[in-house]
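Residues in the sequence shown are numbered from 16 upward in steps of one, following my numbering.
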Amino acid sequence: MNRDSRDRELGMDRRITRRDFLNGVSLALGGSVLASSAGQMFALEETKSPYQPEKDPAYYPPALMGMRGNHDGTFTYAHQLRDGDFSQDASKPEDTGEKYDLVVVGGGISGLAAAYFFRQQASPKSRILILDNHDDFGGHAKRNEFRVGNRLLLSNGGTQSIENPSEYSDVSKRLLQELGIETQRFYKDYDQKLYAKLGTACFFDHETFGEDRLVAGMNSTPWPEFVKQTPLSDVARRDIARLYTAKTDYMAGLSREEKRAKLAKISYADFLTKVCGAHPDVLPFFQTYPHDLFAVGIEAISALACYENPDDYNAMTYAGFDGLGLGEVEEEEPYIFHFPDGNASIARLLVRSLVPGSIHGQTMEDVITARCDYGRLDNPGAAVRIRLNTAAVRARHAGPSESAKEVEVAYMRGDKLFSVKGAACVLACYNMMIPYLCPELPEPQKDALHLGVKEPFIYTHVALQNWMPFHKLGIQQVVSPGSYHCLTKLDFPVSIGDYKFPSKPEEPMVLFMLRTPCKPGLPRRDQYRLGRYELMTAPFSTFERNIRDQLQRMLGDAGFDSARDIAGITVNRWAHGYAYEYNSLSDPDLPLEQRPYVIGRKQFGRISIANSDAAASAYTNAAIDQAYRAVQEQIKNT
Ligand SMILES: Cc1cc2nc3c(=O)[nH]c(=O)nc-3n(C[C@H](O)[C@H](O)[C@H](O)COP(=O)(O)OP(=O)(O)OC[C@H]3O[C@@H](n4cnc5c(N)ncnc54)[C@H](O)[C@@H]3O)c2cc1C
16 MNRDSRDREL GMDRRITRRD FLNGVSLALG GSVLASSAGQ MFALEETKSP
66 YQPEKDPAYY PPALMGMRGN HDGTFTYAHQ LRDGDFSQDA SKPEDTGEKY
116 DLVVVGGGIS GLAAAYFFRQ QASPKSRILI LDNHDDFGGH AKRNEFRVGN
166 RLLLSNGGTQ SIENPSEYSD VSKRLLQELG IETQRFYKDY DQKLYAKLGT
216 ACFFDHETFG EDRLVAGMNS TPWPEFVKQT PLSDVARRDI ARLYTAKTDY
266 MAGLSREEKR AKLAKISYAD FLTKVCGAHP DVLPFFQTYP HDLFAVGIEA
316 ISALACYENP DDYNAMTYAG FDGLGLGEVE EEEPYIFHFP DGNASIARLL
366 VRSLVPGSIH GQTMEDVITA RCDYGRLDNP GAAVRIRLNT AAVRARHAGP
416 SESAKEVEVA YMRGDKLFSV KGAACVLACY NMMIPYLCPE LPEPQKDALH
466 LGVKEPFIYT HVALQNWMPF HKLGIQQVVS PGSYHCLTKL DFPVSIGDYK
516 FPSKPEEPMV LFMLRTPCKP GLPRRDQYRL GRYELMTAPF STFERNIRDQ
566 LQRMLGDAGF DSARDIAGIT VNRWAHGYAY EYNSLSDPDL PLEQRPYVIG
616 RKQFGRISIA NSDAAASAYT NAAIDQAYRA VQEQIKNT
């Protein structure tokens, strides 16, 4: 079949809501499209000035589909600064005359939390400005909305869940409580029974495994029976069954500490073949197990990290460790602390608190369906203002950093360079960008910050007319180690307040598909770098074709029809996703004070550094804790 007819069969020519808006180019708007991200979706009269897309009543980013995440327009100026191509003179911005007690760069959870803490500790009347280069606030904690018929479906564009909330610091726990989040509520709101009878299937693709075959019962059928149904070679079947069932101590003779030390320095791939003696044919089956957590495969992650981080939620239980006698892995809390839009609800609760009237209501229930009024986020006269579609390009002390009383922050909005002043400044943005914002920082600090480049991910959400094929197959998710997306699963079964999860298979559903664009075999940082490049260059149509093709091949025999059943697609492209996390396999084991993220986050006069990057930990509690630390540093100045 040629590509055109395959495309037609998959529905590449079908209308899906808003698909006309691709890669930041509106097919309908033609010449009135603005260069910035907001221009991607909102027609503005060209005469309207100043540039204020958020005031348009039609402005509502959560409902946008197509390419989201780090959408077009967000990285233009950052990359120009990096490449030395920034054409404006950053030292000569147009002064807006605005003065704040605090200017925050980055409107993710860390930046919003910094504003919250500062207002709480400095003064409830503090004047605060938050700048963010995306068209929506929340950073990774973004909300995706779909409408299928009359049904509203929510999903998380990035930051998914509150993980292990009992392990949050007192500061983070207190913030959640003050925002009205009772994590215990999820034991009731999250339906832990709905999917209990639905299992996991593994999809073996023709390109990697020689034929397309979907095998249900992964992790529930005894492994020797499960592998018999797969297209794997006889030796691979034999060894996978052995690795999962035999309780062999493959490291006999070593103490527990010696085993751990060795596992920390060997990849999981090498552990399987060199320590457990498995045939290399098993490797493609396990290759993508760590993708969700580490954004690379088994050849780039230590066996110890795999042992310590079994991904039970996604059914990725690592084989080969059972007989080693390493002791029990600490039991985690269930993975149920999930708002229907993920941790976007935390960001929205912060915004509700910071900008009264922007999101109506008072509780963690009513925030789910409350619509944000984006037009109110940046009102003159408000104590706290959130300025979206605004990329900071410079943060500079007005005078020597030791004695200056102000920081001038210059930013691009529309295609103009402006500045504001703040008595304090928290940079809660991507840490690797900070050396370009503050070239005056000491060189070792800039070198350290440059190392914190985030890891790339794609969180795609596909709105389906129904989820009958999953019901028919008795599965809630598909693991697909050789495919474009390595994991596909039904959305979280959580109902809060007026928002009801689609619990019947005939109802519309959101499907989550994960792609990690790593390049196996290369050093980890290079894998991320090339992955980011892939994300920046692949057009939406590449994602769409792969989504349709993969779903058809996996679920077609169960009645799924890509052309008929797909109602919407949102590709959350996080070229800068998880904070770079240190790994014993590829990073030196340095004392805390010598670690790059610790050197990088050092206070610089009236500028402090937050973001989860500053903890090298891709978690919401890290984002909050770093915000708190940064604010403490600045409070001392007030
Ligand atoms: C796909 C994905 C899933 C995740 N899932 C989870 C999860 O389930 N649980 C969990 O705890 N954590 C999760 N995380 C980790 C997540 O990064 C943190 O939990 C948290 O949301 C990070 O918040 P932050 O404010 O530190 O950073 P960010 O969310 O990255 O926010 C920083 C903001 O600063 C902006 N910015 C950068 N440079 C500039 C500039 N020059 N000018 C203006 N703005 C700028 C950025 O664009 C961004 O909006 C996930 C991350 C990703 C990518």
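Here a beta-carbon is modelled for each residue, glycine too, at the ideal position from N, C-alpha and C.
Contacting residues, own chain, Cβ-Cβ under 6 Å from A105 (five flanking each side not counted)
V408, R409, A425
Specify the secondary structure class of W589 as computed by DSSP and reduced to three states.
strand
Can you find the residues in the same chain that come closer than 6 Å, C-beta to C-beta, to I11, ignoring five residues on each side of it along the sequence?
There is simply no residue 11 to check, as the chain begins at 16 and stops at 653 in what is shown.
Unbroken stretches of the alpha helix (DSSP H), 4 residues or longer, contained in the segment 213-282:
221-224, 238-243, 249-260, 271-279
Would you mind working out which of L146, D220, S125, G214 sits nearest F232, comparing C-alpha positions?
For the sequence presented, residue 232 should be read as Gly rather than Phe. Distance from the Cα of G232 is smallest, within the candidate group L146, D220, S125, G214, for G214.
Give me the Cα-Cα distance between P299 and P496, rounded to the nearest whole angstrom.
So the alpha carbons of these two residues sit roughly 7 Å apart.
Per-residue DSSP class, three states only, for N171
strand
Proximity below 8 Å, CB of G511 to CB of F354:
At residue 511 the sequence reads Ile, which differs from the Gly that was named. Yes, Cβ-Cβ distance for I511 and F354 is below 8 Å.
Taking the beta carbon of H412 as the centre, do at least 16 other beta carbons fall within 10 Å, making it buried, or is it exposed?
H412 should be labelled buried.
Pick out the complete alpha helix (DSSP H) segments inside the segment 99-160, 4 residues or longer, and give them in chain order.
124-136
Could you check whether the Cβ of A267 sits closer than 7 Å to any heavy atom belonging to ligand 3?
The ligand content of the structure shown is limited to ligand 1, which means ligand 3 is not among them.
If we call anything under 8 Å between Cβ atoms a contact, is L146 one with T405?
yes
Using the beta-carbon count (16 or more within 10 Å), is K515 buried or exposed?
exposed
Which runs of the alpha helix (DSSP H) spanning at least 4 residues fall entirely within the segment 591-640, listed in chain order?
Taking only runs of at least 4 residues, the alpha helix (DSSP H) segments lying wholly in the segment 591-640 are 611-615.
For S317, three-class secondary structure by DSSP
strand
Check for me: the beta strand (DSSP E) holding P471 runs from which residue to which?
470-479
Backbone CA spacing between D204 and G84 [nearest angstrom]
27 Å
Tell me whether N446 is buried or exposed, calling it buried when 16 or more other Cβ atoms sit within 10 Å of its Cβ.
buried
Taking DSSP as the reference, what is the three-state secondary structure of M514?
Looking at the sequence provided, one finds Tyr at residue 514 rather than Met. Y514: strand per DSSP, three-state reduction.
Using the Cβ count rule (16 or more neighbours within 10 Å means buried), how would you classify D359?
First, the residue type needs correcting, since residue 359 is Ala and not Asp in the sequence shown. Buried, since its Cβ has 16 or more Cβ neighbours within 10 Å.
Any beta strand (DSSP E) of 3 or more consecutive residues that is wholly inside the segment 373-415
The qualifying runs are 399-402, 405-412.
Would you mind reading off the limits of the beta strand (DSSP E) that contains R428?
422-428
Does the Cβ of S235 have 16 or more other Cβ atoms within 10 Å, making it buried, or fewer, making it exposed?
exposed
DSSP three-state assignment for A293, whether helix, strand or coil:
coil
Please report the straight-line C-alpha distance between M551 and G615, rounded to a whole angstrom.
26 Å
Should N17 be labelled buried (16 or more other beta-carbon atoms within 10 Å of its own) or exposed?
exposed
Local Cβ density within 10 Å of L79, reported as buried at 16 or more and exposed below that
buried
Closest by CA to I584, which one among M82, A637, Q67?
Comparing alpha carbon positions, the residue from M82, A637, Q67 closest to I584 is M82.
On the three-state DSSP scale, how would you describe M569?
helix
Does the segment 461-478 come close enough to the segment 520-534 that 3 or more CB-CB pairs lie under 8 Å?
yes
Residue environment, N159, which counts as buried when at least 16 other CB atoms sit within 10 Å:
buried
Boundaries (first-last residue) of the beta strand (DSSP E) holding M524
524-530
Is the Cβ-Cβ distance between A582 and A631 less than 8 Å?
no
Which residue's Cα is closest to the Cα of G536: S282, Q244, M331, E522?
S282
Are the Cβ atoms of I196 and L25 separated by less than 8 Å?
Going by C-beta atoms, I196 is not nearer than 8 Å to L25.
Hey, how far is the Cα of L488 from the Cα of A573?
7 Å
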